[in-house]
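Protein chains in written order, with numbering that gives the first Met the number 0: chain A, 0 to 543; chain B, 0 to 371. Every residue gets a Cβ at the ideal spot worked out from N, C-alpha and C, and that includes glycine.
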Amino acid sequence: MLTRIKGGRIIDPANGHDGIGDIWMRDDRIVEAPPAATADTTYDATGKIVMAGAIDIHSHIAGWSVNTARLLLPEFRLGSAARPGSTPLSNAGWAAFEIGCLYAAMGFTTVVEPAVSPHYALHAHLELADVPIIDKATLAVLGNDDFLLGLMRARESAAVVRDYVAWTLAATRSLGIKVINAGGAAAFKENVREFSFDDVVPSYGVSSREIVRTLQHAVNELGVPHPLHVHCNNLGIAGSADSALATIAAADGLPLHLAHLQFYGYGKEGGRGFSSAAARLAEAVNAAQSVTIDVGQVMFGQTVTVSLDVLRQFKARNQARPRKWVILDGDANGAGIVPYNYRSADFYNAVQWAVGMELFLLIDDPWRVFFTTDHPNGAPFTVYPEILALLMSRDLRAQWIAKLPAEAMTVTTLPSISREYSLVEIATMTRAAPARLLGLPDRGHLGAGAIADVAVYEDESDRARMFRSAALVFKHGELVVRDGTPTRHIFGRALMVEPERDRAIDRRLKAYYDERWGISHDLIKVPDHAIGRPEPFELVSCTQ
Amino acid sequence: MPHAWIDGTPAELATAVATAARLLDASRQPLIAGLGTDVAGARAATALAQRVGAAIDHMHGDALLRDLDVMREAGVMLTTPSEARVRADTLLLVGPGLIEAWSELPRDLLGARGGEASAGADRRTFWLCPPKSRLGNDNHAGSTYPISVIDREARDLPVLLAALRARVNSRPAARSLVPAAALDGLAEALKAARFGVAAWSAAELDGLTIEMLCGLVNDLNATTRFSGMPLAPGDNAIGVLQACGWMTGFPVRTGFGRGYPDHDPWRYRAARLVESGETDCVLWISAYRAAVPEWSSDPPTIALAPAGSKFAKSPRVHIAVGVPGRDHDGVEHHAMIGTLTAVAATHQSEAIPVADVIASIAAHLAGGPSSC
Chain A
0 MLTRIKGGRI
10 IDPANGHDGI
20 GDIWMRDDRI
30 VEAPPAATAD
40 TTYDATGKIV
50 MAGAIDIHSH
60 IAGWSVNTAR
70 LLLPEFRLGS
80 AARPGSTPLS
90 NAGWAAFEIG
100 CLYAAMGFTT
110 VVEPAVSPHY
120 ALHAHLELAD
130 VPIIDKATLA
140 VLGNDDFLLG
150 LMRARESAAV
160 VRDYVAWTLA
170 ATRSLGIKVI
180 NAGGAAAFKE
190 NVREFSFDDV
200 VPSYGVSSRE
210 IVRTLQHAVN
220 ELGVPHPLHV
230 HCNNLGIAGS
240 ADSALATIAA
250 ADGLPLHLAH
260 LQFYGYGKEG
270 GRGFSSAAAR
280 LAEAVNAAQS
290 VTIDVGQVMF
300 GQTVTVSLDV
310 LRQFKARNQA
320 RPRKWVILDG
330 DANGAGIVPY
340 NYRSADFYNA
350 VQWAVGMELF
360 LLIDDPWRVF
370 FTTDHPNGAP
380 FTVYPEILAL
390 LMSRDLRAQW
400 IAKLPAEAMT
410 VTTLPSISRE
420 YSLVEIATMT
430 RAAPARLLGL
440 PDRGHLGAGA
450 IADVAVYEDE
460 SDRARMFRSA
470 ALVFKHGELV
480 VRDGTPTRHI
490 FGRALMVEPE
500 RDRAIDRRLK
510 AYYDERWGIS
520 HDLIKVPDHA
530 IGRPEPFELV
540 SCTQ
Chain B
0 MPHAWIDGTP
10 AELATAVATA
20 ARLLDASRQP
30 LIAGLGTDVA
40 GARAATALAQ
50 RVGAAIDHMH
60 GDALLRDLDV
70 MREAGVMLTT
80 PSEARVRADT
90 LLLVGPGLIE
100 AWSELPRDLL
110 GARGGEASAG
120 ADRRTFWLCP
130 PKSRLGNDNH
140 AGSTYPISVI
150 DREARDLPVL
160 LAALRARVNS
170 RPAARSLVPA
180 AALDGLAEAL
190 KAARFGVAAW
200 SAAELDGLTI
210 EMLCGLVNDL
220 NATTRFSGMP
230 LAPGDNAIGV
240 LQACGWMTGF
250 PVRTGFGRGY
260 PDHDPWRYRA
270 ARLVESGETD
280 CVLWISAYRA
290 AVPEWSSDPP
300 TIALAPAGSK
310 FAKSPRVHIA
320 VGVPGRDHDG
330 VEHHAMIGTL
340 TAVAATHQSE
350 AIPVADVIAS
360 IAAHLAGGPS
370 SC
């Protein structure tokens, strides 16, 4: 099956290409233009923009916490069809099936669920298996688990830690490792209420810094393409910029990814002791070449915060709107689900919005700043088109700024920033760079050999409208979206890595689970047959 | 050994499946109830409900919804039995039905401390309104440690918990049913916990009592750490709830008659739908054991249940299904770690999984198989 997308403006920064041309697809791959061949199907993209399928590196779309948010908030979905536009989250994908459809309609073809506690991995994969069209991946969360902290307390070798990380990746079928408020959830179980980078988890005598460094080295030495994905300490509080700056400094020249940096972009200046520290953070990121970040942009409206940072969520529970919440003291990480309404008239929420924008605009290199709302924590992913439009137009930003509390705008540099993202920079940030960051050489670009994940957009001056509703989307060469409407519900796979390990760790973990938890360590493993779809996983290569 | 019966008479499986499909096609308000099945069965049942416009409920829907209502009205702090096992230095057991709800409670929780017991060697266990017969004379109930009991009737729990919560918050409690010293002693013990866990079973507590207990747990966190541990109802109720949640956005007691999922805990309660006569066809699913409906009327029923299930009246169609984890591999909620786990068949057999039977029925519906 040979398919041709004809005459569009091809924006393919991974291959340094921006110009009018054709894309050819043979079955599920992009191919060079075959000499003198006739396509079985030709799609006219004249006047349209052609990009690779977009990749979201950080969006909470599946797992126990996400599902508990659904069960906590049935009123967010009253009458699933024909809801009025003003219903909270009315345009947010909520059931697994809708998530895939809504992502695909915007031209996204790969999405990473970034917070899976190992014991909950099967649940997450079962939900992901019911998300249609897009490919998926999970990040497994370590750093509050007794086994790792026990290894560190006993000063065991880096090799044993590496083997354990490799076992976790294999058991949970994950693409990478994340650490969330390293040590904070474990410390909270011992009634610690404040936890910073150099604080120590009481029973283990190891600091948050040591946990991050240990996992960063293990991930790097295993050759896992995606660097350690870090959710820093002290999320969301005035002065949290110091936690992020300390973590950036600790990267020490090795790859490290900081998630949703916006939530750490707060200083203590101004009359209310709450200000944007985005300029300081951006400067540090610009200087630290081995560090990547994603933004976690806030947008105004009702949402629900879903996080394994149980200490933070516990402290935020009294700000829940509506007033209800779930806090879990889990087996390793905890979890917290706290609904929240970001209001444009609120000083603090307005500062948060500005901080996210500043980070996008003040970090110079679109290869190192990633496009997220930390869905649904900053905003549901369905608002991505509005954010892209804001990044591409200083006039649009000025209109928003004019409507926000003037006092909030005095503690941010945003009104003074004139930068506008180009389409090439947007394609870099949402396609080329995520593929490189996750180690997916056949995604995020349109060169020969790439998976035929392609999004075609109308070149409209209303960029939000353009990105909300792709004209055409191809997944693995199949047409799945036309004019923003999913036309075909195929099911993708979950991407995973499986680095080498010394199998001695398997025997050790078997004994550990028997002794500590009274259950078989086999229960943590995610077998193919449990997923209920053919070939549910796709192996991604490690570099060593 | 037959796999299928029509009106009590052995029948070919294919005939039974086709008959079931005809009944569902002809039904104006089908109901899928029982739902004692693995996650694959729950997924298939939910997809079928969407297809035929059925309502879905679980046989433990009352207990499920009581815990869920407290969560979605007020908020809860939760932990897992496994975390309670390794960490709890204080256990607060509430109500006489805990061992009935979780028969392994004495062995896996009361009698066990996994790992290094970082919370300290001594665990203090308190039981409000314990069962009359099961504790034994020495108040141990399989526990490694003695259990302090407040020996009242279960109906006293609302007042006891309210009084205890008041004392934990240093407020007066005019009516407490037990001597003030006993109540204050318990309040002080709970506040002295380093990591306490309160366990209950929604099968025997009403919603307001559960809310009071969850409020007590929340209040204790003002100064120390305390968490709640609702015991899971059986028959994979939590696994079914989770699958229903991610597929529809809602828990069970959701109907699809309007063409989209519509959650209403009163309207879509299975017993009400049956006894009011609103449903004219029931698909009853009980794969784990021979549980049968306890309704006062008998609408036409398709039963996916073990051979030998004793129905009050023969179902129109009865198809024998396998037990997940015995006859076939499956995924179900694990009581100890509190999440979904894969279970391998212990005695792989020909018995058909619920999901496969439902797929066959769906393929015979008017319109043929669906893509989902």
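Checklist entry - Which chain E residues are close to Lys-188(A), counting only those with a beta carbon under 7 Å from its beta carbon? => result No chain E appears in the structure shown, which is made up of the protein chains A and B.
Checklist entry - Per DSSP, what kind of secondary structure is Tyr-511(A) in: helix, strand or coil? => result Per DSSP, reduced to three states, the secondary structure at Tyr-511(A) is helical.
Checklist entry - So what does DSSP say about Leu-204(B), is it helix, strand or coil? => result The answer is coil: DSSP assigns Leu-204(B) none of H, G, I, E or B.
Item to check | Leu-205(B) and Arg-164(B) closer than 8 Å at C-beta | outcome: A small correction: the amino acid at residue 205(B) is Asp; Leu does not occupy that position in the sequence shown. Not a contact, by the Cβ cut-off of 8 Å.
Next on the checklist: If contact is defined by three or more beta carbon pairs under 8 Å, each pair taking one atom from either stretch, is the region 304 to 323 of chain A in contact with the region 333 to 350 of chain A?
Outcome noted: Counting Cβ pairs under 8 Å, three or more are found: they touch.
Checklist entry - Taking the C-alpha atoms as reference points, what is the distance between Arg-311(A) and Leu-234(A)? => result One C-alpha to the other measures close to 7 Å.
Checklist entry - On the three-state DSSP scale, how would you describe Pro-87(A)? => result Unreliable positioning characterises Pro-87(A) in this predicted model, as indicated by a pLDDT of 44, which lies under 50. The coordinate reading is nonetheless provided below. If DSSP states are grouped into helix, strand and coil, Pro-87(A) belongs with coil.
Checklist entry - Do you know whose CA, among Asp-330(A), Met-151(A) and Val-110(A), lies nearest Pro-201(A)'s CA? => result Relative to the Cα of Pro-201(A), the nearest Cα in the group Asp-330(A), Met-151(A) and Val-110(A) belongs to Met-151(A).
Next on the checklist: Under 8 Å, Cβ to Cβ, is there at least one residue of chain B near Ser-540(A)?
Outcome noted: No, no contact with chain B.
Next on the checklist: Per the DSSP calculation, Glu-457(A) is bridged to which residue(s)?
Outcome noted: In the DSSP assignment, Glu-457(A) is bridged to Lys-47(A).
Item to check | Residues in the region 241 to 256 of chain B having any Cβ partner in chain A nearer than 7 Å | outcome: Under the 7 Å Cβ criterion, the region 241 to 256 of chain B contributes Gln-241, Gly-244, Trp-245, Met-246, Thr-247, Gly-248, Phe-249 and Pro-250.
Next on the checklist: Using a Cβ-Cβ cutoff of less than 6 Å, which residues in the same chain neighbour Ile-247(A) once the five nearest sequence positions on both sides are dropped?
Outcome noted: Annotation for Ile-247(A): Ala-283, Ala-287 and Val-290 place their beta carbon closer than 6 Å to its own, counting only its chain and skipping 5 residues before and after.
Item to check | chain A contact for Met-70(B) (CB, 8 Å cutoff) | outcome: Cβ-Cβ to chain A under 8 Å: yes for Met-70(B).
Checklist entry - Within the 8 Å Cβ cut-off, does Lys-323(A) reach chain B? => result Yes, its Cβ sits closer than 8 Å to a Cβ of chain B.
Next on the checklist: Considering Cα atoms alone, identify which of Ala-13(B), Ala-17(B), Gly-233(B) and Ala-54(B) is closest to Glu-277(B).
Outcome noted: Among Ala-13(B), Ala-17(B), Gly-233(B) and Ala-54(B), the Cα nearest to that of Glu-277(B) belongs to Ala-54(B).
Checklist entry - Which of helix, strand or coil does DSSP assign to Trp-199(B)? => result Note: Trp-199(B) maps to strand in three-state DSSP.
Next on the checklist: Check whether chain B comes within 8 Å of Thr-126(A), counting only Cβ atoms and requiring the distance to be less than that.
Outcome noted: What sits at residue 126(A) in the sequence shown is Glu, not Thr. For Glu-126(A), the nearest beta carbon of chain B is closer than 8 Å to its own beta carbon.
Checklist entry - Which chain B residues sit within Cβ distance under 8 Å of Arg-69(A)? => result Gly-244, Trp-245, Gly-248 and Phe-249, listed in chain order.
Checklist entry - Of all the alpha helix (DSSP H) runs that stay within the bounds of the region 54 to 93 of chain B, which reach a length of 4 or more residues? => result Secondary structure in the region 54 to 93 of chain B: the alpha helix (DSSP H) runs of 4 residues or longer, each lying completely within the stretch, are 60 to 72 and 80 to 86 in chain order.
Checklist entry - Where are the beta strand (DSSP E) runs, 3 residues long or more, that stay fully inside the region 174 to 230 of chain A, in chain order? => result DSSP runs (the beta strand (DSSP E)) wholly in the region 174 to 230 of chain A: 175 to 179 and 228 to 230.
Checklist entry - Is the CB-CB distance between Ile-54(A) and Thr-137(A) below 8 Å? => result Going by C-beta atoms, Ile-54(A) is not nearer than 8 Å to Thr-137(A).
Checklist entry - Cβ of Ile-22(A) within 8 Å of Cβ of Leu-508(A)? => result No, they are not a contact pair.
Next on the checklist: Just to make sure I have the definition right: I need the residues of chain B whose C-beta is within less than 8 Å of the C-beta of Arg-316(A). Which are they?
Outcome noted: Identification of chain B residues near Arg-316(A) by a Cβ-Cβ cut-off of 8 Å yields Gly-74, ordered along the chain.
Item to check | Residues of its chain near Leu-90(B), where Cβ-Cβ distance is below 6 Å and the 5 sequence neighbours each way are ignored | outcome: If we look at Leu-90(B) and ignore the five residues flanking it on each side, its Cβ neighbours are Thr-124 and Val-196.
Next on the checklist: By the 9 Å beta-carbon criterion, what residues does the region 38 to 68 of chain B contribute toward chain A?
Outcome noted: For the region 38 to 68 of chain B, which is checked against every Cβ of chain A, the residues closer than 9 Å are Val-38, Ala-39, Arg-42 and Leu-67.
Next on the checklist: Taking the alpha-carbon of Glu-497(A) as reference, which of Ala-432(A), Phe-466(A), Lys-524(A) and Trp-63(A) has the nearest alpha-carbon?
Outcome noted: Considering only alpha carbons, the answer is Lys-524(A).
Checklist entry - Touching or not, the region 92 to 104 of chain B and the region 239 to 247 of chain B, by the rule of three or more beta carbon pairs under 8 Å? => result With the cut-off at 8 Å, the region 92 to 104 of chain B and the region 239 to 247 of chain B do not touch.
Item to check | Through-space distance from Val-191(A) to Ile-56(A), alpha-carbon basis | outcome: Their Cα atoms are separated by approximately 31 Å.
Item to check | Exposure of Gln-398(A), with buried meaning 16 or more beta-carbon neighbours within 10 Å | outcome: By the C-beta density criterion, Gln-398(A) is exposed, having fewer than 16 other C-beta atoms within 10 angstroms.
Checklist entry - Is the CB-CB distance between Gly-382(B) and Glu-203(B) below 8 Å? => result Nothing can be reported for residue 382(B), as the shown portion of chain B is limited to 0 through 371.
Checklist entry - Closest Cβ-Cβ distance between Arg-506(A) and chain B: below 8 Å? => result For Arg-506(A), the closest Cβ of chain B is not nearer than 8 Å.
Checklist entry - Would DSSP call Glu-115(B) helix, strand or coil? => result Confidence at Glu-115(B) is low in this model, with a pLDDT of 45, below 50, so the placement of that residue should be treated as unreliable; the coordinate-derived value is given next. Glu-115(B) sits in coil when the DSSP states are folded into three classes, being neither helix nor strand.
Item to check | Presumed contact (8 Å Cβ cut-off) between Ala-61(A) and Leu-127(A), rounded CB distance | outcome: Contact holds; Cβ gap of about 5 Å.
Item to check | Environment of Gly-517(A) [buried if 16+ CB atoms lie within 10 Å] | outcome: When all chains shown are included, Gly-517(A) counts as buried.
Next on the checklist: Is it buried or exposed, Gln-347(B), if we count other Cβ atoms within 10 angstroms and call 16 or more buried?
Outcome noted: By the beta-carbon neighbour count (other beta carbons within 10 angstroms, threshold 16), Gln-347(B) is exposed.
Checklist entry - Quick one: Cα of Arg-151(B) to Cα of Leu-176(B), how far? => result A direct Cα-to-Cα measurement between Arg-151(B) and Leu-176(B) gives close to 8 Å.
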